[in-house]
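Structure, as structure tokens:
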Amino acid sequence: MIPFELVEPRTLREAASLLASGDPAVRPLAGGTAVMLMMKMGVLRPARLVSLRAVERRCSEIREADGELRLGAMVTLSALERSPIVKNLAPVIVRASRTLSNVRVRNVATVGGHLAHADPHMDLPPVLIALGASVTTVDPEGGRTIPLETLYAGYLETALRSNELIAEVSVPVQGVRRAAYLKCTTRSADDWPALGVAVVLDTEGDAVREARIVVSAATDTPTRLSAAEEALRGARADEKILRRAGEAAAAAANVVGDEHGSAAYKRELLRVYLARAVKQALASKG
Amino acid sequence: MSVGSKTIRFTLNGEAVGAEVPPHWNLVELLQNRFGLYGARESCGQGLCGCCTALVDGRAVSGCLYLAALADGTRVETVEQPAAGGGLDAVQKAFIECGAFQCGFCTPGFVLMSRKLLDENPDPTEDDIRHYLSGNLCRCATYPEIIEAVKLAARLRKKRDATADKRR
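Top line first, the protein sequences correspond to chains A and B. So this note's numbering is basically just the index in the first sequence, starting at one, shifted up by 8. So this note's numbering is basically just the index in the second sequence, starting at one, shifted up by 1476.
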């Protein structure tokens, strides 16, 4: 890795100001696991890194407010995994966290970094989009709220400006909604997935009232599958309906191949995993 | 000393230390180049294999993905940290007893991760062990022996705790 300057501001606002020049060689550093990898590969060659480690303590807090689960951007993935608040308000997040990378990476990587990195293979973006989450940002002048569904602009690209940092993630509580996240890894258990599918269902008896379904890893950005959601709306999720939803998803999603599987293989995975995820969600208590 | 080097102070295996570190060094470089500690070693360089495991403020991290400068003010522990009371701890004894290594390159990482696992979950099932250690690779493939070693270490720790309770 090439030398760079490391600065540690005390507030998020100050950090955003330090990023305000728009110079692509000045980048934020949260947990740093992805940034370190990119620097080692020579993809990222920063002149200056703005570490967020020393910013306000509340950025590392998990809390409940206004019927929502609020996650500070600097909350580590292992804190998420162990949090009784998260387990209570959105158990699907805890289940998804347990199979996310490995223990050491989860101990260091942060929620904000995980979302801002915009690698489509990440596990939480599909889960949080399916739950209807949004992010609150901070920039030198103020900030804004962005639905997570609209955060992703492309492979490793977000709608965040260079001087804008995620401060907090707001997640509507899961409540009676049933949810599941399934992924397929083609090499080892903790490998990057070839496909991820998150499903959140509003149910009435054994019928699906509303479904939110998001695919990741097989597309350039985590993507809502509205055709599949439509196929499930108001229906009992029997084999016929699930097959129809899977076909609709595979036809509509812009699936791309990578080293984890070809596009054709991933389309087949999507058909199979979508049905499995819906079944798992229906079988779960929350 | 290269441009932008920074003096950091931290606790290393129980001892207060300071070091001059270039900002682009990772924790493995700090431990090897400044303190001659080679237990944490970089292998995959991507946080996947666990050979570079160290504990920062009690949490296991991949030293290859952890900036050395960020160790400032923390408590760092490596496999070189002597067990309480000296000698080898239950996990190390169990690894030897079960022959849970061949070349030994991955062993420091497996020992530290196994200790953390048993701290968090004193009575892990085989599934728990496999799951927790899925981010550690042994290229000699001594996985069956490693799993037996962790189970044995769990029993040794319980025995130790029971003895300590009796003495109390």
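Even for Gly, the Cβ is constructed at its ideal location relative to N, Cα and C.
Next item on the list: Just grab the DSSP bridge partners of B/LYS1482 for me.
Entry: In the DSSP assignment, B/LYS1482 forms a beta bridge with B/VAL1497.
Checklist line | Close-in-space but distant-in-sequence residues of the same chain around A/ILE10 (CB under 7 Å, 5 per side omitted) | finding: If you ignore the 5 residues before and after A/ILE10, its C-beta comes within less than 7 Å of the C-beta of ARG53, all in its own chain and listed in chain order.
Note to self: Assuming B/ASP1641 is part of the alpha helix (DSSP H), what are its boundary residues?
What the structure shows: Counting along the chain, the unbroken alpha helix (DSSP H) around B/ASP1641 starts and ends at 1619–1643.
Check: Are the C-beta atoms of A/THR41 and some chain B residue less than 7 Å apart?
Finding: A Cβ of chain B is located within less than 7 Å of the beta carbon of A/THR41.
Notebook entry, point to check: Is it right to say A/MET130 is buried, meaning 16 or more other beta carbons lie within 10 angstroms of its own, or is it exposed?
Noted result: Classification of A/MET130: buried, given that the 10 Å Cβ count is 16 or more.
Notebook entry, point to check: For the alpha helix (DSSP H) that contains A/GLY120, what are its first and last residues?
Noted result: Here the alpha helix (DSSP H) through A/GLY120 covers 119–125.
Check: What does B/GLY1546 reach in chain A if we use C-beta pairs closer than 9 Å?
Finding: Gly is not the amino acid found at residue 1546 of chain B; the sequence shown has Leu there. Those within 9 Å of B/LEU1546 in chain A are LEU14, GLU16, LEU37, GLY40, SER59, ARG61.
Check: In whole angstroms, what separates the C-alpha of A/VAL297 from that of B/ALA1547?
Finding: In the structure displayed, chain A extends from 9 to 294; residue 297 of chain A sits before or after that span and is not available.
Next item on the list: Can you have a look at A/GLY30 and say buried or exposed, based on whether 16 or more other CB atoms are within 10 angstroms of its CB?
Entry: The residue is exposed, with fewer than 16 neighbouring Cβ atoms inside 10 Å.
Checklist line | Buried versus exposed, by CB contacts within 10 Å (16 or more), B/ALA1570 | finding: Classification for B/ALA1570: buried.
Margin query: Do B/PRO1598 and B/VAL1555 have their beta-carbon atoms positioned less than 7 Å apart in this structure?
Written below: With contacts defined as CB atoms closer than 7 Å, B/VAL1555 and B/PRO1598 fail to qualify as a contacting pair.
Note to self: Can you pull the chain B neighbours of A/LYS48, defined as C-beta to C-beta under 7 Å?
What the structure shows: In chain order: GLY1521.
Notebook entry, point to check: Using 8 Å as the threshold, is the stretch 276–293 of chain A in touch with the stretch 191–204 of chain A, meaning 3 or more CB pairs across them?
Noted result: Note that the stretch 276–293 of chain A touches the stretch 191–204 of chain A; at least 3 beta-carbon pairs, one per stretch, sit closer than 8 Å.
Margin query: For B/MET1477 and B/PRO1499, what's the separation of their Cα atoms in angstroms?
Written below: Residue placement at B/MET1477 is flagged as unreliable, the pLDDT there being 42, under the threshold of 50; the coordinate-derived value follows with that caveat. About 11 Å.
Checklist line | Three-way DSSP call (helix, strand, coil) for B/CYS1520 in this model | finding: Residue state, collapsed to three classes: coil.
Check: Looking at C-alpha atoms only, which residue of A/GLU89, A/THR41, A/ASP214, A/ASP228 is the closest neighbour of A/TYR163?
Finding: That would be A/ASP228, whose Cα lies nearest to the Cα of A/TYR163.
Margin query: For a cutoff of 7 Å on Cβ pairs, would you count B/MET1477 as touching chain A?
Written below: Only weak support exists for where B/MET1477 lies, its pLDDT of 42 falling under 50; the value from the coordinates is given anyway. Not an interface residue.
Notebook entry, point to check: When the cut-off is 7 Å and only beta carbons count, does A/PRO201 lie next to chain B?
Noted result: No, its Cβ sits nowhere closer than 7 Å to a Cβ of chain B.
Check: Would A/THR194 pass as a contact of A/HIS268 if the rule is Cβ separation under 7 Å?
Finding: Against a cut-off of 7 Å, the Cβ pair of A/HIS268 and A/THR194 comes out as a contact.
Check: Which ranges would you report for the alpha helix (DSSP H) in the stretch 26–72 of chain A if only whole runs of at least 4 residues count?
Finding: Within the stretch 26–72 of chain A, the runs of alpha helix (DSSP H) that reach at least 4 residues and sit entirely inside it are, in chain order, 41–49.
Check: Given B/LEU1503, which residues of its chain have a CB within under 8 Å of its CB, disregarding the five upstream and five downstream residues?
Finding: Result list for B/LEU1503: ALA1516, CYS1528, ALA1530, VAL1532, VAL1537, GLY1539, CYS1540, TYR1542, LEU1543, ALA1544, ALA1547, VAL1552, in chain order.
Notebook entry, point to check: Rounded to whole angstroms, how far is the Cβ of A/LEU139 from the Cβ of A/PRO180, which I believe are closer than 8 Å?
Noted result: Confirmed, about 6 Å.
Next item on the list: List the residues of chain A whose Cβ lies closer than 7 Å to the Cβ of B/ALA1536, in chain order.
Entry: Within chain A, the residues near B/ALA1536 are VAL111, ARG112, ASN115.
Margin query: Considering just the uninterrupted stretch of the alpha helix (DSSP H) at A/PRO155, what are its terminal residues?
Written below: That residue, A/PRO155, is in no alpha helix (DSSP H); its beta strand (DSSP E) goes 153–155.
Item checked: Helix, strand or coil at A/PRO180 [DSSP, three-state] -> Shown here, A/PRO180 sits in a strand according to DSSP, grouped into three states.
Note to self: Could you compute how far the alpha carbon of B/ALA1640 sits from the alpha carbon of B/ALA1566?
What the structure shows: Approximately 14 Å between the Cα atoms of the pair.
Notebook entry, point to check: chain A partners of B/TYR1542, CB-CB under 8 Å?
Noted result: Listed by position along chain A, the residues whose Cβ is nearer than 8 Å to that of B/TYR1542 are GLY40, MET44, VAL116.
Notebook entry, point to check: In the structure shown, what three-state DSSP assignment does A/SER8 receive?
Noted result: Given a span of 9 to 294 for chain A in the structure shown, any question on residue 8 of chain A remains unanswerable.
Next item on the list: Classify A/GLY80 as helix, strand or coil using the three-state DSSP reduction.
Entry: A/GLY80: strand per DSSP, three-state reduction.
Notebook entry, point to check: Are the beta-carbon atoms of A/ALA98 and A/LEU79 separated by less than 7 Å?
Noted result: It is not a contact, given that the beta carbons lie outside the stated cut-off.
Margin query: Let me check understanding here. Comparing Cα to Cα, which of A/LEU14, A/PHE12, A/ALA197 lies closest to A/ARG106?
Written below: It is A/ALA197 whose Cα lies nearest to the Cα of A/ARG106.
Check: Looking at the unbroken beta strand (DSSP E) that takes in B/LEU1556, where does it start and where does it end?
Finding: Note on residue identity: the sequence assigns Glu, not Leu, to residue 1556 of chain B. Premise fails: B/GLU1556 is in no beta strand (DSSP E) and is neither H nor E.
Checklist line | Length-filtered (3 minimum) beta strand (DSSP E) runs lying within the stretch 206–246 of chain A | finding: As far as the stretch 206–246 of chain A is concerned, its whole beta strand (DSSP E) runs of at least 3 residues are 215–224.
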